[in-house]
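Data first, discussion second: the structure below is written as structure tokens.
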Amino acid sequence: MSFFKKLKDKFSGSQEQEQTTEKYTEGLKKTRSGFSEKMNNLFARYRKIDEDFFEELEEILIGADVGFDTVMELIDELKLEVKRQNTNEPEAIREIITEKFVDIYAGDDEMSSELNIQDTGLTVILFVGVNGVGKTTTIGKLAHQFKTEGKKVMLAAGDTFRAGAIEQLEVWGERTGVDVIKQTEGSDPAAVMYDAVRAAKSRGADILLCDTAGRLQNKVNLMNELQKVKRVIEREVPEAPHEVLLVVDATTGQNALIQAKTFKEATDVSGIVLTKLDGTAKGGIALAIRKELGVPVKFVGLGEKMDDLQPFDAEKYAYGLFAQAFEQKESESADETAE
Amino acid sequence: MMAFEGLAERLQGTMQKIRGKGKVSESDVKEMMREVRLALLEADVNFKVVKQFVKKVSERSVGQEVMKSLTPGQQVIKVVKEELTALMGGEESRIGTAKRPPTVIMMVGLQGAGKTTTTGKLANLLRKKYNRKPLLVAADIYRPAAIKQLETLGKQLDMPVFSMGDQVSPVEIAKQAIQKAKDDHLDYVLIDTAGRLHIDEGLMDELKQIKELSSPEEIFLVVDSMTGQDAVNVAESFNEQLGITGVVLTKLDGDTRGGAALSIRAVTGKPIKFVGMGEKLDALEQFHPERMASRILGMGDVLSLIEKAQTNVDETKAKELEQKMRTMSFTFDDFLDQLGQVRSMGPLDEILKMLPGANKMKGLNNVQVDEKQIGRVEAIIRSMTKDEKQQPEIINSGRRKRIARGSGTSIQEVNRLLKQFEDMKKMMKQMSSMQQKGKKKGGMPKLPFM
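Here it is as structure tokens:
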């Protein structure tokens, strides 16, 4: 049984499984069609593997914003594989590419996409990232999900800088029926966090979701401020923050790697939320972040609705990405066997 | 990992190979073009755009320019930079004005690109630079508190903001806003629209309707400068559906290479009009194609620095100076001369900015060069006698007092300059002996004006 078939069988079990798989396939529709069309096209046009073939493959991957170094490595590995198998047929490496993708996404079992939620007591989750990636929206969506699970959720309005940011979080608080701890615009975000953690503890909340102002990672002062915010949380709750989630816009290019690296250094990021992956974004950069920095993607934003934020599943992602390309191939080979 | 190499570093390997051969072949050029291609891809320039671009550069390079050059590496960089600049450049960052006021400007783009902030910045610029009276229009009814955000910006700027809450259609809001501007004799209407995906037909339709009824003079596509390969699709689609008139590139104060700028320009042909350089409301700047080119290539603006130096530095004088440095006979007269030459190249902090990697170098990124301080240094030197300038050793405490009085400075300042001058001479000696031995060692001492 082919590797891809295995994946497919895995997801056609329970109904719930199928539903989320559908969300992936639907959310990645645009991504997939662009990507797999190009792959199909590539394999259709090349009868043998040569330098041009690899250059085009390189372009397809880079076109999906897969990190630059990751692509170069992947290509090198494939070249090696071609030598090892002593082949020059493109079909021979087709499946290896998917396998390598899934490998990078899911290769290390220790890198789970599960959130570190405490069984008892307060769980604090800190959200960080550059401007405009969707931190506040992500918090709103997550608040909704935790609330639905029956958890007592609170929000901390730590973006005291951007105009209207506090109000934006408040709207989410109202929509989801969750308390928001805030101060006025321009106040010290560390002080807001202090208040919020205290309030969350005294009110017996299960989950505290902490918003912070967007900041570009090369602004040293702002990164220091973020460290201070984190220290305040650490002081008030031992072991907290239990998760530091870096929110990354899936349309970001190579800069996402620098973002991940710098934010990881400053705040010890434990996971990535890849937003705006619906649309046309390919989010290939997530591959590179995982590979080069060892930070797993924990959630992906696949649409604007409240439940469009999904826990990230590497195998499903790969399935979504390659579904079309491989279903076609599967049916072709099935036809051949029938004949 | 993540060594974001600039084109210059990339080309070094190839150059070494060529140096051994002494002649540039076509396959050498091909190899160089591969490095050009990789450098551009790494800077997020779209791969299709890269392909066309490299083809063009390659044609020029295989010709006379590069192959006949003694410094083919630099020549390739020069060609690449020229082509990049030409591709991105041309138009000035002007804002159109309608024949009959008010002039309508629509701000469009994806979610999180920075439309609302840019709207505030643009309004500020219109008032400050062009003495206009803008009306800010809150037409983003979808994102929670987007209206509030614009209202807060309006308050900060002390400018009127038009909003009708989030229950009225953006088309209606735009219509009424224009009427309001007419009534209040405001001459610009800046419509802040909601972020949307370019493939969202319903929302794109809404923009088309707003366009139809408001006949905007400008439709600015606001794009995050960190955008990757997808930038072309976004720009192409917005342009096809709305006919954008220009692009505003935001968050350029970050450390992205910003290849998206090139991609967008290449596929839409529309000019990049402004760049966002910070979170404050006055941080909207003109777009400089040649700076953007350097940035994409990961190098400082060395070329204009070299050009500036060439036009301003007298070559025979430079040779003389080099001789003097070697023999340690560098005097205050020479120093004054040097200072004059450097200053004729332009403000010093601008020159510093042109140095490659200067923005990354710790300490150098926020060096404030105090032009006044240079003036004081000059005053001190000019207060010395001819002998003192030639032989600083003779300046005793009596002379120091006189020099301080004569230049209107303090003895401490005179002392400091003398000490620094000594250090500088020592460094020059080190450097010239280093050059001879070919070793690198030691750092730069502080120059008297830093």
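So the sequence lines, in the order shown, correspond to chains A and B.
Here my numbering is used: the first residue of the first sequence is 44, the next is one more, and so on.
Here my numbering is used: the first residue of the second sequence is 188, the next is one more, and so on.
Cβ coordinates follow ideal geometry from the N, Cα and C atoms, glycine included.
Where residue i meets chain A, residues with beta-carbon distance less than 8 angstroms
| i | result |
| --- | --- |
| Gln298(B) | Gly175, Gly177 and Lys319 |
| Asp416(B) | The displayed chain sequence assigns Gln, not Asp, to residue 416(B). Those within 8 angstroms of Gln416(B) in chain A are Ile105, Gly106, Ala107, Asp108, Gly296 and Lys325. |
| Glu229(B) | Phe111 and Gln297 |
Contact list for residue i against chain B, beta-carbon separation under 7 angstroms
| i | result |
| --- | --- |
| Glu102(A) | Phe234 |
Residue i to residue j span [Cα, whole Å]
| i | j | result |
| --- | --- | --- |
| Val355(B) | Gln239(B) | 46 angstroms |
| Leu605(B) | Pro579(B) | 8 angstroms |
| Gly296(B) | Asp411(B) | 9 angstroms |
| Lys616(B) | Lys235(B) | 51 angstroms |
| Val312(A) | Met82(A) | 34 angstroms |
| Leu449(B) | Gly485(B) | 14 angstroms |
| Gly344(A) | Lys319(A) | 5 angstroms |
| Phe355(A) | Val340(A) | 6 angstroms |
| Arg90(A) | Val237(B) | 26 angstroms |
| Ala309(A) | Ile250(A) | 23 angstroms |
| Gly296(A) | Thr303(B) | 23 angstroms |
| Gln577(B) | Lys559(B) | 25 angstroms |
| Ile452(A) | Glu222(B) | A query on residue 452(A) cannot be resolved here, the shown segment of chain A reaching from 44 to 382 and no further. |
| Ala200(A) | Met293(B) | 31 angstroms |
| Val316(A) | Lys348(A) | 16 angstroms |
| Ser481(B) | Val291(B) | 34 angstroms |
| Ala186(A) | Pro321(B) | 39 angstroms |
| Lys262(A) | Leu269(A) | 11 angstroms |
| Ala299(A) | Phe170(A) | 16 angstroms |
| Leu212(B) | Leu352(A) | The amino acid at residue 212(B) is misidentified as Leu; the sequence shows Ser. Approximately 55 angstroms, taken between the alpha carbons. |
| Glu157(A) | Val287(A) | 13 angstroms |
| Asp411(A) | Thr141(A) | Missing from the structure shown is residue 411(A); chain A here goes from 44 to 382 and no further. |
| Thr378(B) | Val564(B) | Reading off the sequence, residue 378(B) comes out as Ile, not Thr. Spanning the two alpha carbons is a distance of roughly 52 angstroms. |
| Glu404(B) | Gly382(B) | 20 angstroms |
| Ala242(A) | Lys225(A) | 11 angstroms |
Listed by chain order, chain A residues near residue i by CB distance under 9 angstroms
| i | result |
| --- | --- |
| Ala333(B) | Gly207 and Gln211 |
| Gly301(B) | Asn174 and Gly175 |
Within chain B, the residues that residue i reaches when beta carbons sit closer than 8 angstroms
| i | result |
| --- | --- |
| Val214(A) | Pro331 and Ala332 |
| Leu259(A) | Lys438, Asp440, Gly441 and Asp442 |
Contacts that residue i makes with chain A (C-beta to C-beta distance below 7 angstroms)
| i | result |
| --- | --- |
| Lys265(B) | The contacting residues do not exist; Lys265(B) stays about 25 angstroms from chain A at best. |
| Gly430(B) | Within chain A, no residue comes near Gly430(B); the closest Cβ sits about 20 angstroms away, beyond 7 angstroms. |
| Asp411(B) | Gly175 |
Neighbour list for residue i in chain B, Cβ cutoff strictly below 9 angstroms
| i | result |
| --- | --- |
| Lys328(A) | The identity of residue 328(A) in the sequence shown is Ile, whereas the question assumes Lys. Per Cβ cutoff of 9 angstroms: Gly415. |
Cβ of residue i within 8 angstroms of any chain D Cβ
| i | result |
| --- | --- |
| Met615(B) | Among the protein chains in the structure shown, which are A and B, there is no chain D. |
Contact test: residue i Cβ vs the ligand HEM heavy atom, cutoff 7 angstroms
| i | result |
| --- | --- |
| Gly485(B) | In the structure shown, the ligand HEM is absent, as is every other ligand, since no ligand is present at all. |
>> What ranges does the beta strand (DSSP E) occupy inside the stretch 363 to 410 of chain B, keeping only unbroken runs of at least 3 residues that lie completely in it?
In response: 375 to 380
>> Under 7 angstroms, CB to CB, which of the residues in the stretch 288 to 317 of chain A have a partner in chain B?
In response: Asp292, Thr294, Thr295, Gly296, Gln297, Asn298, Leu300, Ile301 and Lys304
> For the stretch 376 to 394 of chain B, which residues have a CB atom closer than 7 angstroms to at least one CB atom of chain A, in sequence order?
Replying inline: Leu384 and Ile386
> Between the stretch 159 to 169 of chain A and the stretch 212 to 224 of chain A, do three or more beta carbon pairs fall short of 8 angstroms?
Replying inline: no
> Between the stretch 355 to 374 of chain B and the stretch 412 to 429 of chain B, do three or more beta carbon pairs fall short of 8 angstroms?
Replying inline: The stretch 355 to 374 of chain B is not in contact with the stretch 412 to 429 of chain B.
> Between the stretch 316 to 350 of chain B and chain A, which residues of the former have CB atoms less than 9 angstroms from a CB of the latter, in chain order?
Replying inline: Tyr329, Arg330, Pro331, Ala332, Ala333, Ile334, Lys335, Gln336, Leu337, Glu338, Thr339, Leu340, Lys342 and Gln343
> Got a sec: which bits of the stretch 443 to 466 of chain B sit with their beta carbon under 8 angstroms from any beta carbon on chain A, in order along the chain?
Replying inline: Thr443, Arg444, Gly446, Ala447 and Glu466
> Are at least three pairs of beta-carbons, each pair with one atom in the stretch 260 to 280 of chain B and one in the stretch 471 to 485 of chain B, less than 8 angstroms apart?
Replying inline: yes
> Touch check for the stretch 425 to 434 of chain B and the stretch 396 to 416 of chain B: three-plus C-beta pairs under 8 angstroms?
Replying inline: yes
>> Contact between the stretch 168 to 178 of chain A and the stretch 254 to 265 of chain A is defined here as three or more beta-carbon pairs at a separation below 8 angstroms; is this criterion met?
In response: yes
>> I'd like to know if the stretch 456 to 471 of chain B and the stretch 306 to 324 of chain B are in contact, where contact means that at least 3 CB-CB pairs between them fall below 8 angstroms.
In response: yes
> Three or more C-beta pairs closer than 8 angstroms, one from the stretch 230 to 249 of chain A and one from the stretch 199 to 212 of chain A: is that the case here?
Replying inline: yes
>> With three or more C-beta pairs closer than 8 angstroms as the rule, is the stretch 95 to 112 of chain A touching the stretch 331 to 338 of chain A?
In response: yes
>> Contact between the stretch 334 to 348 of chain B and the stretch 356 to 365 of chain B is defined here as three or more beta-carbon pairs at a separation below 8 angstroms; is this criterion met?
In response: no
> Of all the alpha helix (DSSP H) runs that stay within the bounds of the stretch 147 to 198 of chain A, which reach a length of 4 or more residues?
Replying inline: 178 to 191
>> At 4 residues or longer, what runs of the alpha helix (DSSP H) sit wholly inside the stretch 591 to 620 of chain B?
In response: none
> Unbroken alpha helix (DSSP H) runs of length 4 or more, entirely within the stretch 274 to 324 of chain B: which are they?
Replying inline: 302 to 317
> Which runs of the beta strand (DSSP E) fall wholly inside the stretch 234 to 318 of chain A and span at least 3 residues, in chain order?
Replying inline: 250 to 255, 286 to 292 and 314 to 318
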